[in-house]
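Numbering (my numbering), first residue to last: 34 to 258. Backbone N, C-alpha and C define an ideal beta-carbon position, used for all residues, glycine too. Just so you know, these numbers come straight off a predicted model, no measurement behind them. Beneath this line is the structure, given in structure tokens, with notes to follow.
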């Protein structure tokens, strides 16, 4: 009974700490991601067509201001007023890279918020798991073993292990969108950004692959198992 209690307490304590760290990272990441999304989502909607009435009034005002009055005639220095066809679209379509960028970044934000939401639920499960387990009586030991078996049966461990992977996916989507943005803004900045993202990607892939190649490698994480 004492062995089960020690194992159970250590397991729950480790998962709680993992969820605390995950929630901190997810909160900071979501805040940063939201700041980018607020600026970029506006690019999905083209600028609305100008009000034809206002356009007509501006053209008339320009015509009137361009009149010159001479004793013999009245002359206008402005070009003839042309009625714009309101049925002709005057706004360009949204560039494809803007659509792809927003799709990546909103997917990243949703993944991050999903990880945080599931992390909160996991902490609630662990709190409920520990309730009523104080003491060392035989009934308490039996209840503890029953709940521990339930954690394994309902694959809570797999859910806890998947949440960091979900945050890594969110980070990858964010970096992919960031590189798309940089390559469409400035080539020099894009090259520098791509270099550092490539280093991070190589490091992440290396820590995932090495444990399956090298014996007793310390780079163990849920993706590498």
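Exercise for review: Look up residue 189 in the DSSP assignment and say whether it is helix, strand or coil.
Suggested key: helix
Review point. Do three or more CB pairs link the segment 192-204 to the segment 136-150 at distances below 8 Å?
Key: yes
Point to revise | residue 214 versus residue 249: straight-line alpha-carbon distance, rounded | key: 41 Å
Exercise for review: Say whether the segment 174-186 touches the segment 215-222, bearing in mind that this needs 3 or more beta-carbon pairs closer than 8 Å, one atom from each stretch.
Suggested key: no
Point to revise | Identity of the residue in 52, 35, 138, 60 nearest residue 190 by Cα | key: 52
Review point. Near residue 133, what residues of its chain come up, given a Cβ to Cβ distance below 7 Å and the 5 sequence neighbours on each side ignored?
Key: 213
**Study point:** Member of 207, 153, 50 whose CA lies at the smallest distance from the CA of residue 66
**Key:** 207
Exercise for review: Assign residue 169 to one of three DSSP states: helix, strand, or coil.
Suggested key: coil
Review point. From this set, 238, 205, 151, which residue's C-alpha is nearest residue 49's C-alpha?
Key: 151
Practice item. May I have the straight-line CA-CA distance separating residue 128 from residue 136, to the nearest angstrom? Key: 13 Å
Point to revise | Supposed contact pair residue 45 and residue 159 - C-beta distance, whole angstroms, cut 8 Å | key: 5 Å
Check your understanding: Are the CB atoms of residue 238 and residue 138 nearer to each other than 8 Å?
Key -> no
Check your understanding: What residues in its chain sit with their C-beta under 6 Å from that of residue 252, if we drop five residues either side in the sequence?
Key -> 240, 243, 244
Practice item. Identify the continuous alpha helix (DSSP H) that holds residue 79 and give its terminal residues. Key: Residue 79 -> no alpha helix (DSSP H), and no H or E assigned at all.
Review point. Taking buried to mean at least 16 other C-beta atoms within 10 Å of its own C-beta, is residue 39 buried or exposed?
Key: exposed
**Study point:** Beta-carbon proximity of residue 255 to residue 194, cut-off 8 Å
**Key:** yes
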